[in-house]
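Asks: Could you have a look at this structure, given as structure tokens, before my questions?
Quick look at the structure:
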């Protein structure tokens, strides 16, 4: 067929218009919800005491006006004084994403840079104070660490004074202030706000930490002008190499809830930092004592600062009265270690190991109850460590700690602050159990054949050889497996089994919503009820004798934690697991594997 030039032009214009339309649709289709909680032109509706209500207007995909009502503390986060220019030690420190990896990714060696600096007139033209990479490294090493200098402390115990345990740490208050001054996280939030989708305020929206209940409750206990800094501590021991279990590090990570979650989870923004390395010596009898004594020492400055407040400056030169309040993110073994609870029991509620499958309400654990139990057991043990441990264990409290580190921290409930763990509880826990049980019921071979027979579809991974042969399954693979599991079970297990699996899979996906409201939380509770009503199927087919499994019990805490601390992407341990690579493993590989920690600290600084 013969086409004229006009036909070619018309066809080309049509394709360009179609491409523009598709590009605009692709860009707009993700704008499902507006960005809430940031300063901007808003309409004041009424003012009641310490609370301020605003109406926020925004536009959704259908271009219809939608109003969101915002309740906030108008006096919270008050600026005491302000310097007119940004902090001089922060100017020019903004790190472009990927810029710090350029030399490595492009395989530019040190000798190549040295040859580059030898170009006649280059050093003088650029005004450089160095003419080779060695001199540059010396200049960098002389720069002060904005998060505070590293210190080395040693712990000793009265029963074995010759044995010392080493911890390396930085000043916790200087580390917090360095995040406030960080130019990559300069858009912080200093006051809590509640967002409602209507004027009746019966549908609250949860996303960021400052939009949840906990921040509002704590703010009401402080002076009106106070600024809360939720200090999020995360601990997790990690192996530095796969060849020897003795090569381990015990880093402690720190960040603050004032940083938006989209920035907090990016290592390149330095919104989360490694500020302590605990002792990793293998002393089984003293692991818990070493941990609590170390944390009490390095976090001690937060007690007075949390009560009275401390003046801190942000990137813009604004000085506020900051009250750092302790919170914690950890997987289950670390939660038991932190909360001093018996392993196998719930660290948040008085639920024993034999009652985990019972969803009935039980009393909440409190720091006061845990401390009184430890004191009473110590009093009744007559100085016997074995008797002290026995008495504590009878009350589901660990018998190895005499003085928990979280005592006397202001406005801190360590049990309540322990949050769900999507990575270990859902994907490496619930999903792993469901896959194993389905393979046992259907058989691995039949399930693999069903998965192999699934047609290709956009967004779904094709497991051509099934899943039974997979080992060391990563979280992305488990997410892909969860998407295809349910249709492979249709017709192979009865309705009650399908409902139980559907309830768990729906719960996994719903719990990870980046934004929740009262309706989606009701969906979360409904799918959990669906599982609870049909979970006996797994017992009937002998997959498990009982469902007193802690990871299944933890599902009842998700809705409450989302209401109190925001959505699960605020405190998922996956955020801090990723930091192991940059702050621990890469630092270790940069050393000579001899006296590793001083070299790792220098590398981190």
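In the numbering used here, the protein residues as written are 31 to 635. The beta carbon of each residue, even a glycine, is placed where N, CA and C say it ideally should be. These figures come from a predicted structure and were not determined experimentally.
Measuring straight from C-alpha to C-alpha, what distance separates residue 211 and residue 218?
Replies: Going from the Cα of residue 211 to the Cα of residue 218 covers about 10 Å.
Asks: Alpha carbon to alpha carbon, how far is residue 430 from residue 191? Give it in angstroms, no decimals.
Replies: In a straight line, the C-alpha of residue 191 is about 18 Å away from that of residue 430.
Asks: Just verifying my parser: in three-state terms, what is the DSSP assignment at residue 100?
Replies: Reduced to three states, the DSSP call for residue 100 is strand.
Asks: Are at least three pairs of beta-carbons, each pair with one atom in the segment 604-616 and one in the segment 292-306, less than 8 Å apart?
Replies: Yes, they touch.
Asks: What's the C-alpha gap between residue 481 and residue 488?
Replies: About 16 Å.
Asks: Just checking my contact of residue 303 with residue 205 at CB under 8 Å: how many whole Å lie between their CB atoms?
Replies: Confirmed, Cβ separation roughly 6 Å.
Asks: Between which residues of its own chain and residue 216 is the CB-CB distance below 6 Å, once the five residues before and five after are set aside?
Replies: Counting only Cβ-Cβ distances below 6 Å, and skipping sequence neighbours, we find 345.
Asks: Can you tell me which of the three DSSP states residue 223 falls into?
Replies: In the structure shown, residue 223 sits in a strand (DSSP, three-state: E or B).
Asks: So, does the segment 226-237 touch the segment 98-109, judging by three or more C-beta pairs under 8 Å?
Replies: Flag = yes, the segment 226-237 and the segment 98-109 touch.
Asks: If you compare alpha carbons, which of 570, 591, 573 and 500 is closest to residue 542?
Replies: When only C-alpha atoms are compared, the closest one is 591.
Asks: How close, in whole Å, do the beta carbons of residue 381 and residue 392 come, if the pair is a contact with beta carbons under 8 Å?
Replies: Going by Cβ atoms, the distance from residue 381 to residue 392 rounds to 5 Å, so yes, they are a contact pair.
Asks: Within 7 Å: the Cβ of residue 407 and any heavy atom of the ligand SAH?
Replies: This structure lacks the ligand SAH, and indeed carries no ligand of any kind.
Asks: Need the endpoints of the alpha helix (DSSP H) that residue 468 sits in, please.
Replies: 461-472 is the extent of the alpha helix (DSSP H) around residue 468.
Asks: Roughly how many angstroms lie between the CA atoms of residue 554 and residue 588, to the nearest whole one?
Replies: Distance between the alpha carbons of residue 554 and residue 588 is about 9 Å.
Asks: Name, in chain order, the residues that DSSP records as bridge partners for residue 268.
Replies: According to DSSP, residue 268 bridges with 279.
Asks: Provide the residue(s) that pair with residue 417 in DSSP beta bridges, ordered along the chain.
Replies: None; residue 417 has no bridge partner.
Asks: For the beta strand (DSSP E) that residue 439 lies in, which residues bound it at each end?
Replies: Per DSSP, residue 439 belongs to no beta strand (DSSP E) and is neither H nor E.
Asks: For the segment 486-533, list the alpha helix (DSSP H) runs that are entirely contained and at least 4 residues long, ordered along the chain.
Replies: Fully enclosed alpha helix (DSSP H) runs of 4 or longer: 505-519.
Asks: Is the number of C-beta pairs between the segment 465-480 and the segment 490-500 that are closer than 8 Å three or more?
Replies: These segments touch.
Asks: Where does residue 190 sit, in a helix, a strand or coil, going by DSSP?
Replies: Note: residue 190 maps to strand in three-state DSSP.
Asks: With H, G and I counted as helix, E and B as strand and the rest as coil, what does DSSP make of residue 412?
Replies: Coil at residue 412, not helix or strand.
Asks: Since I believe residue 600 is in contact with residue 342 (beta carbons under 8 Å), could you give me their beta-carbon distance rounded to a whole number of angstroms?
Replies: Not a contact, Cβ separation roughly 22 Å.
Asks: Run the CB neighbour count on residue 288, radius 10 Å, all protein chains shown included, and call it buried at 16 or more, exposed below.
Replies: By the 10 Å Cβ count, residue 288 comes out buried.
Asks: Thinking residue 563 and residue 459 are a contact (beta carbons under 8 Å), I'd like their distance in whole angstroms, please.
Replies: Residue 563 to residue 459, Cβ: 21 Å. No contact.
Asks: Tell me whether the beta-carbon of residue 283 lies closer than 8 Å to the beta-carbon of residue 301.
Replies: Contact flag unset, no.
Asks: Of all the options 503, 426 and 251, which has the alpha carbon lying nearest to the alpha carbon of residue 454?
Replies: Residue 454 has its Cα closest to that of 503, out of 503, 426 and 251.
Asks: Can you give me the C-alpha to C-alpha distance between residue 328 and residue 199, rounded to a whole angstrom?
Replies: Each residue's alpha carbon lies about 7 Å from the other.
Asks: Can you list, in chain order, the residues of its chain with a C-beta nearer than 8 Å to that of residue 638? Leave out the 5 residues immediately preceding and following it.
Replies: Outside the displayed range of the chain (31 to 635) lies residue 638, so it cannot be described from this structure.
Asks: The beta strand (DSSP E) spanning residue 306 covers which residue range?
Replies: Its beta strand (DSSP E) spans residues 303-308.
Asks: For the segment 241-257 against the segment 346-362, do three or more pairs of beta-carbon atoms, one drawn from each stretch, fall closer than 8 Å, so that the two count as touching?
Replies: A contact exists between the segment 241-257 and the segment 346-362.
Asks: Using 10 angstroms around the beta-carbon of residue 156, count the other beta-carbons present and answer buried if the total reaches 16, otherwise exposed.
Replies: By the neighbour-count rule (16 or more Cβ atoms within 10 Å), residue 156 is not buried but exposed.
Asks: Between which two residues does the alpha helix (DSSP H) harbouring residue 155 extend?
Replies: Looking at the DSSP string, the run of the alpha helix (DSSP H) that includes residue 155 is 152-156.
Asks: For a test of the three-state rule: what should DSSP assign to residue 482, helix, strand or coil?
Replies: DSSP places residue 482 in helix when its eight states are reduced to three.
Asks: Between residue 147 and residue 138, which are expected to be in contact by the criterion C-beta below 8 Å, what is the C-beta distance as a whole number of angstroms?
Replies: Going by Cβ atoms, the distance from residue 147 to residue 138 rounds to 13 Å, so no, they are not a contact pair.
Asks: List the DSSP bridge partners of residue 260.
Replies: Looking at the DSSP assignment, residue 260 forms a beta bridge with 355.
Asks: When the Cα atoms are used, what is the spatial distance from residue 269 to residue 363?
Replies: Going from the Cα of residue 269 to the Cα of residue 363 covers about 16 Å.
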